[in-house]
Amino acid sequence: MARKKGPRIDRRTFLKGVGGGAASLAVPSAGATKAGETSSAPALPSAASRADRVVYRGEQLRAVAMPLGGIGAGAIALAGDGGLRQWQVVHNVDHVAHVPGSFFAFWGKQAGGEAAARVLQSSALYDQIRFKPPLTSNDHAVPSESRKLLEALPGVKEIEFAGEYPAAEVRYLDSSLPAEVRLEA
17 MARKKGPRID RRTFLKGVGG GAASLAVPSA GATKAGETSS APALPSAASR ADRVVYRGEQ
77 LRAVAMPLGG IGAGAIALAG DGGLRQWQVV HNVDHVAHVP GSFFAFWGKQ AGGEAAARVL
137 QSSALYDQIR FKPPLTSNDH AVPSESRKLL EALPGVKEIE FAGEYPAAEV RYLDSSLPAE
197 VRLEA
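Residues 17 to 201 (our numbering) make up the sequence shown, in order.
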């Protein structure tokens, strides 16, 4: 397909326009404060301290797929089992892909205690026998390679997921771990 020719702009004119736009972003807004000053505007509560926060557990985790990534930067989703899904890289989309070696892990040891290592994924919801998936989504689908990963390496027992776009917090619950483990993405 031939590209339409429109009005041409030279590089110098383009950079002047972009530079002017970028400079306007540096001008403080009416609500901004200078360093050392306090604002009279009420502070918003952090997501971690909100009383109305929704935390997904158990069966609710089947359909969790929190998108991570920026505009024009590709994307990946953090799934309810702790796995990485819905890969979208350079216009290649695969919602049920498993990229080898792409998982979060934990290794820890308390002084004088036993070391513990875990893949930060849970196979608690891999049983699909009595589960009826939605017709319009495949977020519940678990790639066979994710299953094989947790057959070869131990995972965590449970996961709690609090996703408030654009941020997510995942808590990995396993009494055999020597520390509390959580991920913020």
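Here a beta-carbon is modelled for each residue, glycine too, at the ideal position from N, C-alpha and C.
Quick caveat, the model's predicted, so the values are computed rather than measured.
{"query": "contact_flag[the stretch 109 to 126, the stretch 70 to 77] where n(CB pairs < 8 Å) is 3 or more", "result": "no"}
{"query": "Anticipated Cβ contact below 8 Å, Val-71 with Ala-201, distance rounded", "result": "At roughly 15 Å, the Cβ-Cβ gap does not stay under 8 Å, so Val-71 and Ala-201 are not in contact."}
{"query": "Sheet register partners of Lys-125 (DSSP bridge)", "result": "Ala-131"}
{"query": "DSSP bridge partner residues for Asp-110 (one or two, in chain order)", "result": "Trp-103"}
{"query": "Chain D within 7 Å of Leu-193, Cβ atoms only", "result": "Absent here is chain D; the protein component of the structure consists of one chain."}
{"query": "Identity of the residues DSSP links to Glu-200 by a beta bridge", "result": "Glu-185"}
{"query": "Secondary structure of Ser-192, DSSP reduced to three states", "result": "coil"}
{"query": "Cβ neighbours of Ser-162 in the same chain (closer than 6 Å, five flanking residues each side left out)", "result": "Gly-99 and His-114"}
{"query": "First through last residue of the beta strand (DSSP E) which encompasses Leu-94", "result": "91 to 95"}
{"query": "Of the residues Gly-96, Ile-92, Ile-87 and Pro-83, the one placed nearest Ile-175, counting alpha carbons only", "result": "Gly-96"}
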